[in-house]
Amino acid sequence: MKELVHEKWNKRPLIISGPCSAETEEQVIETATRLANTGKVDMLRAGIWKPRTKPGMFEGIGVKGLAWLDKAKKQTGLPVAVEVATAKHVEDALQFDVDVLWIGARTTVNPFSVQAVADALRGVDIPVLIKNPIHPELDLWSGGI
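Written out as structure tokens, the structure is:
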């Protein structure tokens, strides 16, 4: 992964693309295939767990979506990225060989969640992206990095 980032970023921005939410296996595979065929996308991303402001809304497909991403990765060669908000999310993502994790906007403002994710990643060498927080406050999440 480090080679991909260094190789690509030295020449142009790294392009990460994919659906906000993984909804079906067919959607994930078709999206990954089309993105890979452009030759311009470096990584597939998809929301597996969807933190919501209002309870009761669609909260994501969950772990079975990780299997879809793994299949898409094997078929297209695109590395994959997912959002994580809990230690269990980290554990599940790592079991499915996810290449990059990101901490979402809602999670970045919760120091307990950031700490739980950081603790789950202790000793793990994987890139972690930080999405723009709802209320940008560097000190809220920088300690977890």
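Numbering (the working numbering), first residue to last: 347 to 491.
Yeah, the Cβ is synthetic: ideal placement off N, Cα and C, and Gly gets one too.
All values derive from a computational prediction rather than experimental measurement.
Helix, strand or coil at S367 [DSSP, three-state]: If you number the sequence shown from 1, residue 367 lands on position 21. If DSSP states are grouped into helix, strand and coil, S367 belongs with coil.
Chain C contact for V426 (CB, 8 Å cutoff): Judged by its chain identifiers, the structure shown contains no chain C, having just a single protein chain.
Bridge partner(s) assigned by DSSP for I472: One-based indexing of the sequence shown puts residue 472 at position 126. The partner list for I472 (beta bridge, DSSP) is empty, contrary to what the question assumes.
For I394, the three-state DSSP class (helix, strand or coil): Position 48 of the sequence shown, counted from the start, is the residue given in the question as residue 394. Coil at I394, not helix or strand.
Segment contact flag, the region 461 to 477 with the region 440 to 448, C-beta cutoff 8 Å, min 3 pairs: yes
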